[in-house]
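S.K.:
In our numbering, the protein residues as written are 1 to 236.
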């Protein structure tokens, strides 16, 4: 599918395509993704051990998480609608010799019709806040799972604290990401995301927040989900 897909925002696709050259620069505009990747990877591995797992990474971007999961022993398919990002992901996989990850220009809804029930684990990280209909993506992720499979989401809570920390602080004061990356109205409360999951036949199994200390310049996992957070859900 392409940028005219109903559940894709052409402006958002263009924004991430423009950042494609910097996906694998750990000191560049996307440095925060590199910093949080080990934390996300370990948390996902605890929800569903990655070794020998068949994984779909929805909204994979340049492949930072997808490639890391492959190095943990998973067979990974990464999908995205941003061509430039996918080309960067494919090139880096070749350069790093990561043969157990492949990439495809596709959206979750279409793939759910073609490969329903084929994946042990689906990950959808930092993507739901960038699509017009996040509930549709959640439902597609549920259909892509095998019975008993797990899906892990990450996104941003929608509240004044999150606006202050994730937009004003992270993007405009600390420069932890490109300005304009997040739109407050598109952020999702954990209760909303959990409801999307229940409507799709998923049961919430775990949650975690992600916090940044500007003094130490380090991220850590936390029990508080009021800014960045992750939810794990299982298909019954």
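Think of the CB as a built atom: it goes at the ideal place given N, C-alpha and C, for glycine as much as any other residue.
Between the C-alpha atoms of residue 221 and residue 209, what's the straight-line distance to the nearest angstrom?
M.R.: On the chain shown, position 221 is the one that residue 221 refers to. On the chain shown, position 209 is the one that residue 209 refers to. Residue 221 and residue 209: Cα-Cα distance of roughly 6 Å.
S.K.: Opposite residue 209 in the DSSP bridges: which residues?
M.R.: Position 209 of the chain shown, counted from the start, is the residue given in the question as residue 209. DSSP, once it has assigned bridges, lists 222 and 229 as partnering residue 209.
S.K.: Do residue 116 and residue 156 come within 9 Å of each other at the CB atom, strictly closer than that value?
M.R.: Position 156 of the chain shown holds residue 156. Position 116 of the chain shown holds residue 116. Their beta carbons are not under 9 Å apart, which means residue 156 does not touch residue 116 by this criterion.
S.K.: Counting only the same chain and skipping the five closest in sequence on each side, list residues whose C-beta sits under 8 Å from that of residue 83.
M.R.: Translated into the one-based positions of the chain shown, residue 83 becomes position 83. The answer, listed in chain order, is 17 and 105.
S.K.: Considering only their Cβ atoms, is the gap separating residue 131 from residue 56 smaller than 9 Å?
M.R.: As a working note, residue 56 is residue 56 in the chain shown. As a working note, residue 131 is residue 131 in the chain shown. Taking 9 Å as the Cβ cut-off, residue 56 and residue 131 do not qualify as a contacting pair.
S.K.: On the DSSP bridge assignment, give the partners of residue 88 in chain order.
M.R.: For the purposes of this step, residue 88 is identified with residue 88 of the chain shown, where counting begins at 1. DSSP, once it has assigned bridges, lists no residue as partnering residue 88.
S.K.: Buried or exposed: residue 11, going by 16 or more other Cβ atoms within 10 Å of its Cβ?
M.R.: Position 11 of the chain shown, counting from 1, holds the residue named residue 11. Label assigned to residue 11: exposed.
S.K.: Residue range of the alpha helix (DSSP H) that residue 37 falls in?
M.R.: Counting from one through the chain shown, the residue named residue 37 turns up at place 37. Its alpha helix (DSSP H) spans residues 31-47.
S.K.: When the Cα atoms are used, what is the spatial distance from residue 142 to residue 192?
M.R.: Indexing the chain shown from 1 puts residue 142 at position 142. Indexing the chain shown from 1 puts residue 192 at position 192. Their backbone Cα atoms lie some 16 Å apart in a straight line.
S.K.: Output needed for residue 237: all residues of its chain with C-beta closer than 7 Å, excluding positions within five of it in sequence on either side, in chain order.
M.R.: Lying outside 1 to 236, the shown extent of the chain, residue 237 is not represented and no answer is given.
S.K.: Can you give, in chain order, each stretch of the alpha helix (DSSP H) that sits fully within the region 129-165 and has at least 4 residues?
M.R.: Listed in chain order, they are 134-144.
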